[in-house]
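For any residue, its number in my numbering is found by taking its place in the sequence shown, counting from 1, and adding 53. Glycine included, each C-beta is placed from N, C-alpha and C at the ideal position.
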Amino acid sequence: MSKKDTSDGLRPLFENNRAWAKRMLKTDPAFFDRLAQQQAPRYLWIGCSDSRVPANQIIGLPPGEVFVHRNVANLVVPTDLNCLTVVEYAIEVLRVEHIMVVGHYGCGGVQTVLSGQRLGLSGHWLHHVEMVRHTHAKQLDAIEQPQQLVDRLCELNALEQVSQLCRLPSVMNAWKREQALTLHGLIYDIHDGLLRKLANPVSSPPDLARWRKSALKSIWSGKSPR
Ligand code: CO
Numbered sequence: 054m055s056k057k058d059t060s061d062g063l064r065p066l067f068e069n070n071r072a073w074a075k076r077m078l079k080t081d082p083a084f085f086d087r088l089a090q091q092q093a094p095r096y097l098w099i100g101c102s103d104s105r106v107p108a109n110q111i112i113g114l115p116p117g118e119v120f121v122h123r124n125v126a127n128l129v130v131p132t133d134l135n136c137l138t139v140v141e142y143a144i145e146v147l148r149v150e151h152i153m154v155v156g157h158y159g160c161g162g163v164q165t166v167l168s169g170q171r172l173g174l175s176g177h178w179l180h181h182v183e184m185v186r187h188t189h190a191k192q193l194d195a196i197e198q199p200q201q202l203v204d205r206l207c208e209l210n211a212l213e214q215v216s217q218l219c220r221l222p223s224v225m226n227a228w229k230r231e232q233a234l235t236l237h238g239l240i241y242d243i244h245d246g247l248l249r250k251l252a253n254p255v256s257s258p259p260d261l262a263r264w265r266k267s268a269l270k271s272i273w274s275g276k277s278p279r
């Protein structure tokens, strides 16, 4: 079998890119000049790498307005230098006001954990989702409907990542020096394109235990906050 020639595979993307840059300049001739000077986003998005969950499109923001970190299953792992660097930079240099952790229904990482499949390196990464499952095993094990089980773990996983975020030194220090910073746990529904709140936003450390308890209550009752 001869190997498929893919050397020119990016051609349509370059065409798209040129057309996009032209369109942007047509609506706002100073757009790129302005962005080249500096970025001043007010938001940090921590989401899944899933191609169906693109940050800017979902929240309708142009380049320059949302700082983004994505990984498989939208995890905030306290030993992950990549994520820690993004969070620290967002808080201390960009001074974002909001960090949103965005889970999504139908997450492949979450499904892999529930299926019991074990993949090499990704198995280590997904161990963090496994721990979320372990924490909530009693209630999760009582769910009979497979789809519902996946949905709940997607929600719980996003919520627990907000808990992790709350405990990061860069977040704690920001709150200590009274820098305005609010954390949000959200879930994106790939079936209707809508983002929903999983919990009330959290903006100071004394809230934590109470915040997590009430967030879990709303997840299990199926009533997300307005
Ligand atoms: Co995912």
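Practice problem: Name the residue from E208, L114, I144 whose alpha carbon lies nearest to the alpha carbon of W228. | Solution: Stepping through the sequence shown from its first residue, residue 228 is reached at position 175. Looking at the Cα atoms, I144 is the closest of the given residues.
Exercise. Check whether the Cβ of H157 lies closer than 8 Å to any heavy atom of the ligand CO, and answer yes or no.
Key: As a position in the sequence shown, residue 157 is number 104, starting the count at 1. Of the heavy atoms belonging to the ligand CO, at least one sits nearer than 8 Å to the Cβ of H157.
Quiz item: In angstroms, rounded to a whole number, what distance separates the CA positions of I272 and G159?
Solution: Working through the sequence shown from its first residue, we reach residue 272 at position 219. Working through the sequence shown from its first residue, we reach residue 159 at position 106. One alpha carbon belongs to I272, the other to G159, and they sit about 17 Å apart.
Quiz prompt | CA-to-CA distance, S256 to R263, given in whole angstroms | solution = Mapped onto the sequence shown, residue 263 falls at position 210. Mapped onto the sequence shown, residue 256 falls at position 203. Approximately 13 Å, taken between the alpha carbons.
Quiz item: Does any heavy atom of the ligand CO sit closer than 8 Å to the C-beta of V215?
Solution: Position 162 of the sequence shown, counted from the start, is the residue given in the question as residue 215. No, Cβ of V215 sits at least 8 Å from all heavy atoms of the ligand CO.
Quiz item: CA-CA distance, L128 and L114?
Solution: Residue numbering aside, residue 128 sits at position 75 when the sequence shown is read from its first letter. Residue numbering aside, residue 114 sits at position 61 when the sequence shown is read from its first letter. In a straight line, the C-alpha of L128 is about 23 Å away from that of L114.
Self-check item: Closest residue to L218 among H189, R87, K250, V139 (Cα-Cα distance)
Solution: As a first step, residue 218 must be located in the sequence shown, where it is residue number 165. For L218, the closest of H189, R87, K250, V139 by C-alpha to C-alpha distance is V139.
Self-check item: Identified DSSP bridge partners for L236
Solution: Here residue 236 refers to the residue found at position 183 when the sequence shown is read from its first residue. In the DSSP assignment, L236 forms a beta bridge with I152, V255.
Practice problem: Would you tell me roughly how many angstroms separate the C-alpha atoms of I112 and W73, rounded to the nearest one? | Solution: Walking along the sequence shown from the start, residue 112 turns up at place 59. Walking along the sequence shown from the start, residue 73 turns up at place 20. Rounded to the nearest angstrom, the two C-alpha atoms are 19 Å apart.
Practice problem: May I have a chain-ordered list of the alpha helix (DSSP H) segments no shorter than 4 residues that lie completely inside the segment 74-149? | Solution: Counting only runs that start and end inside the segment 74-149, the alpha helix (DSSP H) elements of at least 4 residues fall at 84-90, 108-112, 134-145.
Self-check item: Where the beta strand (DSSP E) containing K250 begins and where it ends
Solution: For this step, residue 250 is matched to residue 197 along the sequence shown. Annotation: the continuous beta strand (DSSP E) that includes K250 extends over 247-250.
Quiz prompt | D281 versus T235, Q170, V119, residue with shortest Cα-Cα distance | solution = The chain is shown only over 54 to 279; residue 281 falls outside these bounds and no answer can be derived.
Quiz prompt | Check whether L167 and H189 have beta carbons under 9 Å apart | solution = As a working mapping, residue 167 is identified with position 114 in the sequence shown. As a working mapping, residue 189 is identified with position 136 in the sequence shown. Against a cut-off of 9 Å, the Cβ pair of H189 and L167 comes out as no contact.
Quiz item: Do G100 and V185 have their CB atoms nearer than 9 Å?
Solution: Against the sequence shown, residue 100 aligns to sequence position 47. Against the sequence shown, residue 185 aligns to sequence position 132. Contact: no.
Self-check item: Any beta strand (DSSP E) of 3 or more consecutive residues that is wholly inside the segment 165-243
Solution: Counting whole runs of 3 or more residues, the segment 165-243 contains the beta strand (DSSP E) stretches 235-242.
Exercise. Pull up the distance between the alpha-carbon of E150 and that of E118, whole angstroms please.
Key: Working through the sequence shown from its first residue, we reach residue 150 at position 97. Working through the sequence shown from its first residue, we reach residue 118 at position 65. As the crow flies, the alpha-carbon of E150 is around 12 Å from that of E118.
Practice problem: Thinking I196 and R105 are a contact (beta carbons under 8 Å), I'd like their distance in whole angstroms, please. | Solution: Sequence index remark: in the sequence shown, residue 196 carries index 143 (1-based). Sequence index remark: in the sequence shown, residue 105 carries index 52 (1-based). Contact check for I196 and R105: beta-carbon distance about 24 Å, past the 8 Å limit, so the pair fails to qualify.
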